[in-house]
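Okay, so here's the structure we're looking at.
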Amino acid sequence: MRSDIEIAQQSEMLPIKEVAKQLNISEDDLELYGKYKAKLSDELMTKVENNKNGKLILVTAINPTPAGEGKTTTSVGLGQAFGKLGKKAVIALREPSLGPCFGIKGGAAGGGYAQVVPMEDLNLHFTGDFHAITSANNLLAALLDNHIQQGNELGIDPRQIVWKRCLDMNDRVLRNVVVGLGRKADGVVREDHFVISVASEIMAIFCLADDIHDLKRRLGKIIVAYTYDGKPVTADDLHATGSMAALLKDAIKPNLIQTLEHTPAIVHGGPFANIAHGCNSVRATKCALKLADYVITEAGFGADLGAEKFFDIKCRMSGLKPDAVVLVATIRALKYNGGVAKEDLVNEDLEALKRGIVNLEKHIENLQQYKVPVVVTLNSFVTDTEAETEFVKNFCEERGCDFALSEVWEKGGEGGIALANKVLNTLEKKESKFELLYDDSLSLKDKIQTIAQKIYGAKDVTYSVAAERELKKITELGFGNMPVCMAKTQYSLSDDPKKLGRPTGFTMNVREVYVSAGAGFVVVLNGAVMTMPGLPKKPAANNIDVDDNGVITGLF
1 MRSDIEIAQQ SEMLPIKEVA KQLNISEDDL ELYGKYKAKL SDELMTKVEN
51 NKNGKLILVT AINPTPAGEG KTTTSVGLGQ AFGKLGKKAV IALREPSLGP
101 CFGIKGGAAG GGYAQVVPME DLNLHFTGDF HAITSANNLL AALLDNHIQQ
151 GNELGIDPRQ IVWKRCLDMN DRVLRNVVVG LGRKADGVVR EDHFVISVAS
201 EIMAIFCLAD DIHDLKRRLG KIIVAYTYDG KPVTADDLHA TGSMAALLKD
251 AIKPNLIQTL EHTPAIVHGG PFANIAHGCN SVRATKCALK LADYVITEAG
301 FGADLGAEKF FDIKCRMSGL KPDAVVLVAT IRALKYNGGV AKEDLVNEDL
351 EALKRGIVNL EKHIENLQQY KVPVVVTLNS FVTDTEAETE FVKNFCEERG
401 CDFALSEVWE KGGEGGIALA NKVLNTLEKK ESKFELLYDD SLSLKDKIQT
451 IAQKIYGAKD VTYSVAAERE LKKITELGFG NMPVCMAKTQ YSLSDDPKKL
501 GRPTGFTMNV REVYVSAGAG FVVVLNGAVM TMPGLPKKPA ANNIDVDDNG
551 VITGLF
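Here it is, written out as structure tokens:
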């Protein structure tokens with residue numbers, strides 16, 4: 001079997017102008033980035049705004065394991081399968097971050113014969129959106145420090161600066177740094193911090209903004225620091241809004257590429273789901289719904305993180321209402337949750353499967369709380385046995401979920417036809433009665449408690465002294481009606497990555513809280529989750545290379 005990058009490089013792509021024609025997009029509405037990538041013009045957004053919306057299908061998954069789940073692969077394969085059935089479909093995905101690409105997780109273009117291409121471009125610089133976001137973030141940081149250096153007219157307390165610099169790379173030594181060392185002209189000495197670009201509030205704003213006007217409104221509300229008397233200082237106060245928006249004016253336009261089978265894919269924005277809200281841009285999703293009859297989008301990591309935030313943050317703010325959810329699992333991952341070592345997952349083990357399937361069970365229950373029809377799909381591996389597959393199928397159907405086997409990694413769209421038919425059947429026979437998990441009127445603590453207990457299965461929530469203090473302050477400033485964005489490990493339903501399966505009776509610990517006033521939510525950090533990841537002992541970067549002809553190898 002060829003590697004993912006080999007499959008991608010040996011595929012024949014259509015010129016993006018030809019792909020766009022499938023969605024009735026003219027060349028005048030494309031801003032070309034070479035032959036195979038384009039941005040969709042602002043004029044197109046206006047032209048299609050009165051079109052009827054297509055059906056919105058969310059793809060999510062169980063908690064990720066080293067065995068792999070294949071959420072993006074399933075999203076891409078499902079879109080290709082709709083194409084095989086003659087349906088007008090488009091895939092709406094996030095852009096990959098360089099952090100995991102060079103770290104441990106690899107890229108995010110799908111896999112096997114269910115990929116979006118050009119794979120190397122997408123996983124590396126793409127159309128420069130992340131560079132623009134990083135630049136806007138760091139421009140604001142530079143203007144903030146310059147304001148203090150130039151006399152500090154606003155009375156900013158350097159000990160209460162909350163805005164962090166960012167970099168789209170896993171670089172742990174930048175988590176905590178000291179800036180301003182040297183001469184007096186080199187700035188005020190203070191402690192500073194970096195986050196990865198996908199955790200920046202500007203990334204969240206970028207993905208939640210409706211248009212350039214809304215983008216500027218949100219950017220202006222960003223709280224960067226507090227004054228000596230405790231008043232918030234915003235980007236508007238620093239006169240930074242216009243210049244940040246100028247850096248983002250082209251980036252905010254969604255990107256159009258294609259799958260291996262030439263299904264259109266709109267790929268835009270990319271917040272992480274474990275430390276941010278984990279969904280592609282509202283702009284891209286809304287545009288896709290106006291262009292196609294079926295839109296397949298995804299939310300990051302497991303349903304406890306990505307899907308919860310898709311519903312309670314993205315849908316709450318945008319008015320989007322999903323028509324169905326596809327929940328991805330693998331036999332291997334379920335057995336891993338049942339205590340089987342990674343090297344032994346190839347062996348049939350029904351007892352381990354029974355122990356580990358409780359993770360899938362909890363995710364089914366969670367999704368059903370939102371009153372959206374659920375289709376469970378098993379991403380197929382050659383080591384899966386008929387008995388194991390049948391057990392999972394029966395388990396899901398007993399819980400009111402349709403079930404289908406997915407073979408898209410091996411067979412592309414052809415391998416997703418069974419899943420596509422199940423989704424179409426579900427859309428036809430089961431109406432989505434989507435509702436949010438909690439009301440805006442609940443206190444921040446009640447919102448946190450609701451998610452911890454109803455989604456994670458926690459018994460209780462405790463708070464650090466600092467978190468208690470920040471919650472009080474945020475509420476007093478008038479932000480108590482905002483939704484919460486929970487930041488925790490993706491590997492467990494709990495805040496402890498070692499608690500696999502379906503942990504119960506545990507207590508969540510909130511260590512830090514801060515408001516993202518421009519994005520419109522309150523970030524709640526649980527356990528040991530980091531907003532600037534580190535590289536593993538053997539980074540994926542070690543295996544990436546480019547030959548004399550410019551051909552990249554080692555990406556996955």
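With full-length UniProt numbering, the residue at position 180 of the sequence shown is 180, and numbering never jumps. All residues carry an ideal CB built from backbone N, CA and C; glycine is no exception.
Task: Helix, strand or coil at Glu31 according to DSSP, with G and I counted as helix - done: Looking at Glu31 - three-state DSSP - the assignment turns out to be strand.
Task: Which of helix, strand or coil DSSP assigns to Ala209 - done: coil
- [ ] Measuring alpha carbon to alpha carbon, tell me which of Arg159, Val295, Ile202, Gly338 ends up nearest Phe272.
- [x] The shortest Cα separation from Phe272 among Arg159, Val295, Ile202, Gly338 belongs to Ile202.
Task: Whole-number beta carbon distance between Ile313 and Ala199, since they are thought to touch under 8 Å - done: Contact flag wrong, Cβ pair sits at about 15 Å.
Open item on the list: Across the stretch 51-66 and the stretch 256-264, are there enough close Cβ pairs to call them in contact, namely three or more that are closer than 8 Å?
Closed with: no
- [ ] Measure the Cβ-Cβ separation of Tyr370 and Phe311 and say whether it is below 8 Å.
- [x] yes
TODO: With DSSP collapsed to three states, give me the class of Ala387.
DONE: helix
Open item on the list: What does the Cβ neighbour count give for Asn366, buried or exposed, with the cut at 16 atoms within 10 Å?
Closed with: buried
- [ ] Taking Thr73 as part of the alpha helix (DSSP H), name the residues at either end of that continuous run.
- [x] Run containing Thr73: 71-84, per the alpha helix (DSSP H) assignment.
- [ ] Give the single residue among Pro66, Gly103, Thr127, Leu85 whose Cα lies nearest to the Cα of Lys35.
- [x] In this structure, Thr127 is the residue among Pro66, Gly103, Thr127, Leu85 with its C-alpha nearest to the C-alpha of Lys35.
Open item on the list: Please state the DSSP three-state secondary structure of Cys485.
Closed with: strand
Open item on the list: Residues in the same chain with beta-carbon distance under 7 Å from Ile391, minus the five sequence neighbours each way, listed in chain order, please.
Closed with: In the sequence as presented, Ile is not what sits at residue 391; that position holds Phe. Only Leu350, Leu353 meet the Cβ criterion.
Task: Status (buried if at least 16 other CB within 10 Å, exposed otherwise) for Arg316 - done: Taking all protein chains in view, the Cβ of Arg316 is crowded by 16 or more other Cβ atoms within 10 Å, so the residue is classified as buried.
Open item on the list: What would DSSP say about Phe556, mapped onto helix, strand or coil?
Closed with: coil
- [ ] Count the C-beta pairs between the stretch 180-200 and the stretch 219-234 that are closer than 8 Å, then say yes if the count reaches three, no if not.
- [x] no
TODO: Rounded to whole angstroms, what's the CA-CA distance from Val267 to Arg183? Just pull it up for me.
DONE: 45 Å
- [ ] In the DSSP assignment, find the alpha helix (DSSP H) that holds Gln368 and state where it starts and stops.
- [x] 350-368
Open item on the list: Please determine whether the Cβ atom of Arg94 lies at a distance below 7 Å from any heavy atom of the ligand GDP.
Closed with: This structure lacks the ligand GDP; in fact it carries no ligand of any kind.
Task: Between the CA atoms of Lys47 and Ala114 - distance to the nearest angstrom - done: 31 Å
Open item on the list: Can you confirm whether the stretch 233-253 touches the stretch 80-91 when touching is taken to mean that 3 or more C-beta pairs between the two stretches lie within less than 8 Å?
Closed with: no
Task: Residue range of the beta strand (DSSP E) that includes Val295 - done: Residues 294-298.
Open item on the list: Counting C-beta neighbours from all protein chains within 10 Å, is the total for Ala324 16 or more, i.e. buried, or is it exposed?
Closed with: buried
Task: beta strand (DSSP E) segment containing Val233, residue limits - done: 232-234
Open item on the list: Given a cut-off of 8 Å on the beta-carbon distance, is the pair Val173 and Val189 in contact?
Closed with: no
Open item on the list: Just to confirm before moving on: does the CB-CB distance between Ala292 and Gly54 stay below 8 Å?
Closed with: Yes.
Task: Reference Lys88; option with closest CA among Leu32, Asn152, Lys21 - done: Residue Lys21 is the option with its Cα nearest to Lys88.
TODO: Taking all protein chains shown into account, decide if Asn363 is buried (16 or more other Cβ within 10 angstroms of its Cβ) or exposed.
DONE: It should be noted that the sequence gives His, not Asn, for residue 363. That one is buried.
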